[in-house]
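In the working numbering, the protein residues as written are 16 to 361.
Positions of the beta carbon are idealized from the N, C-alpha and C atoms, including for glycine.
Worksheet for the structure shown next.
Shown next as structure tokens:
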């Protein structure tokens, strides 16, 4: 553990341990999450030193008041950050303060005070999916049969068929792809370094075998990236940005004949489309949560349980039948005194 170079009453005295010890090991956060928290604390540090003209070795925990945090929120909004980004910046500070309070009890009341600063209201918008099933089929078939086309197709197909995240796809090794098992599957390393197994559908297995025959002819090399690129003779994992470009490329190609393909398309839209399709087909939300790697079904329900317009119409029409004669309920009490006793009061 790095030796603390600041007095323990200074706000930034615990940031190194928080980012380099607590998040990666004790809390088992992903590398991407740790980087996002480091960025958030860095933005706050710039605000403290550049905007407020307070040196790091002078800014104490007790200087982080409710009003200070509120001013920081206003500053972020005025800088043009989107509401969700502003809220993430505030959440980073709150999370760090919670950690600091667990290490230093005198910080607890400060943490409680600043955690009361309200977040910015985020406009609620419907998250787009690809509604046209024919358009989805055309998108998945768009890459063609060349070697490059086979690679691009397997990327599109796996993103959609298994609903895995783009970063989960590029983190796969060839050893994580098990197509010879009785029930073919992928072994996924998801957020928080949590492993899960996702089944491969029967129609996808032949595509995977064809891809492996072209790009992984030597199956003795089991620890190499399943999806890779070779640049100037150096082979490595494909970048997430490259996956995004591939998805956009083929969506642009077929959009002129398939206007239902959204203008802004990205890998996560394929995940959302697939999960919403499962929900509409009656797959239990608990099962969808397991497939997606969610520990809480609330996350699944909030982001992926999207009913179709037809489903909504069917439910709305359900109340158009004849009125039912429902017998009027009689109260269990005769007067206020009896009701008071039923409520446990006098």
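Of the residues the options, the one placed nearest residue i, counting alpha carbons only
{"i": "residue 39", "options": "242, 208, 239, 252", "result": "208"}
{"i": "residue 140", "options": "325, 128, 321", "result": "321"}
{"i": "residue 188", "options": "236, 198, 176, 228", "result": "236"}
{"i": "residue 147", "options": "292, 329, 297", "result": "292"}
{"i": "residue 264", "options": "47, 159, 230, 122", "result": "159"}
{"i": "residue 259", "options": "228, 274, 233, 182", "result": "182"}
{"i": "residue 290", "options": "200, 243, 178, 224", "result": "178"}
{"i": "residue 256", "options": "117, 170, 36, 273", "result": "170"}
{"i": "residue 166", "options": "222, 125, 215", "result": "222"}
{"i": "residue 215", "options": "89, 136, 200, 226", "result": "200"}
{"i": "residue 73", "options": "151, 197, 22", "result": "22"}
{"i": "residue 157", "options": "26, 302, 269", "result": "269"}
{"i": "residue 84", "options": "276, 118, 95, 125", "result": "125"}
{"i": "residue 196", "options": "217, 186, 184, 115", "result": "217"}
{"i": "residue 149", "options": "282, 283, 276", "result": "276"}
{"i": "residue 128", "options": "243, 211, 122, 81", "result": "81"}
{"i": "residue 136", "options": "100, 175, 243", "result": "100"}
{"i": "residue 213", "options": "254, 176, 185", "result": "176"}
{"i": "residue 373", "options": "119, 282, 228", "result": "Any answer about residue 373 is impossible in this case: the structure gives the chain only from 16 up to 361."}
Continuous beta strand (DSSP E) stretch holding residue i: start and end
{"i": "residue 210", "result": "210 to 214"}
{"i": "residue 243", "result": "243 to 246"}
{"i": "residue 34", "result": "No beta strand (DSSP E) contains residue 34, which DSSP labels as neither H nor E."}
One or two residues paired with residue i in a DSSP bridge
{"i": "residue 237", "result": "DSSP lists no partner for residue 237."}
{"i": "residue 311", "result": "None; residue 311 has no bridge partner."}
{"i": "residue 192", "result": "201"}
{"i": "residue 252", "result": "243"}
{"i": "residue 75", "result": "25"}
Beta-carbon contacts of residue i that lie in its chain and below 8 Å, excluding the five residues immediately before and after
{"i": "residue 111", "result": "29, 30, 33, 52, 56"}
{"i": "residue 138", "result": "98"}
{"i": "residue 142", "result": "287, 318, 321"}
{"i": "residue 59", "result": "87, 104, 107, 108"}
{"i": "residue 300", "result": "294, 312, 315, 316, 320"}
{"i": "residue 224", "result": "194"}
{"i": "residue 16", "result": "Residue placement at residue 16 is poorly supported in this model, since its pLDDT is 47, which falls under 50; the coordinates still yield a value, given next. Closer than 8 Å at the Cβ level, and outside the excluded window around residue 16, lie 32, 36."}
{"i": "residue 238", "result": "188, 189, 190"}
{"i": "residue 78", "result": "26, 69"}
{"i": "residue 90", "result": "62, 66"}
Residue i versus residue j: straight-line alpha-carbon distance, rounded
{"i": "residue 323", "j": "residue 245", "result": "42 Å"}
{"i": "residue 304", "j": "residue 66", "result": "43 Å"}
{"i": "residue 132", "j": "residue 332", "result": "44 Å"}
{"i": "residue 155", "j": "residue 202", "result": "22 Å"}
{"i": "residue 220", "j": "residue 173", "result": "10 Å"}
{"i": "residue 50", "j": "residue 164", "result": "34 Å"}
{"i": "residue 205", "j": "residue 234", "result": "24 Å"}
{"i": "residue 271", "j": "residue 144", "result": "18 Å"}
{"i": "residue 296", "j": "residue 307", "result": "16 Å"}
{"i": "residue 252", "j": "residue 191", "result": "14 Å"}
{"i": "residue 273", "j": "residue 180", "result": "24 Å"}
{"i": "residue 325", "j": "residue 62", "result": "50 Å"}
{"i": "residue 93", "j": "residue 114", "result": "29 Å"}
{"i": "residue 71", "j": "residue 95", "result": "25 Å"}
{"i": "residue 117", "j": "residue 48", "result": "21 Å"}
{"i": "residue 54", "j": "residue 249", "result": "30 Å"}
Chain-order list of residues whose beta-carbon lies under 6 Å from that of residue i (same chain, five-residue window excluded)
{"i": "residue 309", "result": "315"}
{"i": "residue 349", "result": "none"}
{"i": "residue 226", "result": "165, 169"}
{"i": "residue 151", "result": "145"}
{"i": "residue 329", "result": "none"}
Continuous alpha helix (DSSP H) stretch holding residue i: start and end
{"i": "residue 288", "result": "282 to 295"}
{"i": "residue 60", "result": "46 to 61"}
{"i": "residue 164", "result": "162 to 176"}
{"i": "residue 231", "result": "Here residue 231 belongs to no alpha helix (DSSP H), and DSSP marks it neither H nor E."}
{"i": "residue 122", "result": "Note, residue 122: premise wrong, no alpha helix (DSSP H); not H, not E."}
{"i": "residue 83", "result": "81 to 93"}
{"i": "residue 183", "result": "181 to 185"}
{"i": "residue 320", "result": "Looking at the DSSP string, residue 320 is not in any alpha helix (DSSP H), and its letter there is neither H nor E."}
Spatial neighbours of residue i in its chain, beta-carbon cut-off 7 Å, leaving aside the 5 residues before and after
{"i": "residue 280", "result": "262, 263, 266"}
{"i": "residue 231", "result": "189"}
{"i": "residue 134", "result": "102, 105"}
{"i": "residue 24", "result": "75, 76"}
{"i": "residue 241", "result": "187, 188, 189, 191, 192"}
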